[in-house]
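Per our numbering, the very first residue in the sequence shown carries number 5; after that it's consecutive.
C-beta: ideal position from N, C-alpha, C; glycine also.
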Amino acid sequence: MNQKKIYDYAVDENVELFVLIKSADVRLAKNGKKFIAFNFSDSSGEISAKFWDASEEDISNFKPGKIVFLKGKREVYQNNPQIKIFHMRQATDEEPANPEFFVKKAPVSKDDMEKEFNQSLFEITNPNWNRVVRFLLHEHHDAFFSFPAAKKNHHAFDGGLAYHSLSMLRLAHSIAKQYSDVINAPLLYAGAILHDLGKTIELSGPIATKYTLEGNMIGHIVLVDEEIVKACQHLKIDLESEDMILLRHMILSHHGLLEYGSPVRPHLLEAEVLHQIDELDASIQMLKGTLSHTEPGNFSERIFGMDGRNFYRPQGKIQPTEND
């Protein structure tokens, strides 16, 4: 598809394009009338919009996962990009209709990511950790390499889960090399690969991403711990062994703080490193995406996942695009 994309349009420029409805939340305005809070998506990124005075027919027609033809204007509201909707309709059978064309994809192909993971598996020299990682990657293979790492904030694109895990694995290699005298590298690598694998159960997929019932009620940290337990039972690995207690601790503590969802804080050097590289990779990805849509010499939109801060894009500094 060669049509103009969302972020090809300048602020205050009228837009006419096909987009995917990534999310559509029905809300009630102050005047008592319903409106739809949309997130639209194409391969350049996502942008929000409000559809005011929505009828029941509108609510029924404009569901997540649908392709629509959108007319409007790209604007900025409270320092955040948005579309002011003039008109929208569902795409016809003769028009672009494959949602896969309207979602961002990881900048590394799935085949290349899989090869890199497979190579790193040989570096997980502890046999118990190696067997568990191999087993779970096989069990969740298709979802792991296609799901996003989040519904919105960081790595929220097709293949984002595997790409985020691979980015962390690369950081883990560098840090393990720098501190080879103190870091248990196989444990760190196993933790990097498995830490977010529960999102294959927590999330619904890359097209119209939402939280599943298990995701809302349990969360990916506990879900992946349960998967490790089931893997050990299948592989006849002793769950009470120190090996498995250490690996489970890596997963359970990787959010760092209790208020961020971890049932326990890091009590291993490798667990603290895993938490820190998780934070680093997520932050850089959020900044990379936001700055790619920011004109040089200006501040970005405020980033919810970074305490609502905005960031300056210096003049003359070339920022990589999302797909670099």
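Under 7 Å between C-beta atoms of Gln289 and His158: Yes. Within cutoff.
Meets three-Cβ-pair contact criterion under 8 Å: the segment 208-217 and the segment 60-73: Short answer: they touch.
Local conformation of Tyr11 per DSSP, three classes: Three-state DSSP puts Tyr11 in a helix.
Glu120 versus Asp146, Arg78, Leu170, residue with shortest Cα-Cα distance: Among Asp146, Arg78, Leu170, the Cα nearest to that of Glu120 belongs to Leu170.
Spatial distance of Glu299 from Val233 (CA atoms): Distance from the CA of Glu299 to the CA of Val233, rounded to the nearest whole angstrom, comes to 48 Å.
Status (buried if at least 16 other CB within 10 Å, exposed otherwise) for Glu104: Counting every other CB atom within 10 Å of its CB across the protein chains shown gives Glu104 a total below 16, marking it as exposed.
Proximity below 7 Å, CB of Ala28 to CB of Phe42: Judged by beta-carbon spacing, Phe42 lies within the 7 Å limit of Ala28, meaning their Cβ atoms are closer than that value.
Length of the line joining the Cα atoms of Thr96 and Phe44: If you take the alpha carbons of Thr96 and Phe44, they lie about 18 Å apart.
Residue range of the unbroken beta strand (DSSP E) whose run includes Pro85: Here the beta strand (DSSP E) through Pro85 covers 84-94.
Outcome for Arg78 when other beta-carbon atoms lying within 10 angstroms are tallied against a minimum of 16: Residue burial is scored here from C-beta neighbours: Arg78 has at least 16 other C-beta atoms within 10 angstroms and is therefore classed as buried.
Other residues of its chain near Ser287: CB distance less than 7 Å, five sequence neighbours each side excluded: Closer than 7 Å at Cβ, skipping near neighbours: Met310.
Cβ-based burial, Asn302 [other Cβ within 10 Å; buried from 16]: Taking every protein chain shown into account, the CB of Asn302 has fewer than 16 other CB atoms within 10 angstroms, so this residue is exposed.
Sequence-distant residues of the same chain with beta carbon closer than 8 Å to Gly223, five excluded per side: The residues are Gly202, Glu206, Gly265.
Sub-7 Å separation of Asn188 and Glu283 beta-carbons: Taking C-beta atoms as the reference points, Asn188 and Glu283 fail to come closer than 7 Å.
Own chain partners of His168 with C-beta closer than 8 Å, once the 5 adjacent residues on each side are dropped: Counting only Cβ-Cβ distances below 8 Å, and skipping sequence neighbours, we find Ala153, His158, His159, Asp200, Asp285, Ala286, Gln289.
Unbroken stretches of the beta strand (DSSP E), 3 residues or longer, contained in the segment 199-234: The qualifying runs do not exist here; there are none.
Beta-bridge partners of Ser27, as assigned by DSSP: Paired residues: Asn43.
Straight-line gap, Ile99 to Pro318 (C-alpha atoms, nearest Å): The amino acid occupying residue 99 in the given sequence is Glu; Ile does not appear at that position. The alpha-carbon of Glu99 is positioned some 40 Å away from that of Pro318.
Nearest-angstrom Cα separation, counted from Lys114 out to Val15: In this structure, the CA atom of Val15 is about 34 Å from the CA atom of Lys114.
C-beta contact flag for Gly76 and Ala110 at 7 Å: In this structure, Gly76 sits away from Ala110, with a CB-CB distance that is not shorter than 7 Å.
Buried or exposed by the 16-neighbour rule on C-beta atoms within 10 Å, applied to Asn327: Legend: pLDDT at Asn327 = 48, less than 50; position of this residue unreliable, no value from coordinates given.
Identified DSSP bridge partners for Ser48: The partner list for Ser48 (beta bridge, DSSP) is empty, contrary to what the question assumes.
Cβ separation of Gly260 and His279, assumed to be a contact under 8 Å, to the nearest whole Å: Between His279 and Gly260 the Cβ distance is about 4 Å, and since that is below 8 Å, they are a contact.
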